[in-house]
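Everything on this sheet refers to the single structure shown next.
Listed below in structure tokens is the structure:
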């Protein structure tokens, strides 16, 4: 089996070495979602694509691929993608770790983010959640001083 390089320092799209992780979100409106991530998180819309081609948005060290979804394709013959039908029943969400949750809460709220609550203490961290235009939630969390992962 060939080796896969994972100790890279440059995570670009498309990757020229190793690999880059991207989060794929199925959305109802490509432009609206791209603008949300650009405005709230100071994201960089790297590509808006042509027609229904998916936009690529870079926020911090993460790439987002936004797509309108659709029915099965030859490489996923039994899968249909669609935005969440019920924003209160989700199976996954994005998690953003921050150094100063109060500052992020204030800034992102001023940029139009809709928070489900103010930052609250829970399980060794302070956290809150943003709802995006398609109903996905984004956890924003700051670990308490001295918190150790693992």
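In this note's numbering, the protein residues as written are 54 to 203. For every residue, glycine included, the Cβ atom is placed at its ideal position computed from N, Cα and C. Note that this is a predicted model, so its numbers are computed, not measured.
Given a length threshold of 3 residues, each whole run of the beta strand (DSSP E) inside the segment 111 to 199 is given here in chain order: 115 to 120, 147 to 150, 173 to 175, 178 to 184 and 190 to 196. In this structure residue 87 touches residue 108 by the C-beta definition: roughly 4 Å separates them, less than 8 Å.
Taking the Cβ atoms as the reference, residue 90 lies roughly 6 Å from residue 112, within the contact range of under 8 Å. Burial state of residue 164 is exposed, judged by a 10 Å Cβ sphere holding fewer than 16 other Cβ atoms. Taking the Cβ atoms as the reference, residue 178 lies roughly 13 Å from residue 155, outside the contact range of under 8 Å. Residue 191 and residue 149 have their C-alpha atoms some 7 Å from each other.
Contact check for residue 202 against residue 147 fails: the beta carbons are separated by 9 Å or more.
For residue 79, the three-state secondary structure derived from DSSP is strand.
Between the C-alpha atoms of residue 96 and residue 110 there is a straight-line separation of about 6 Å.
Beta-bridge partners assigned by DSSP to residue 109: 100 and 118.
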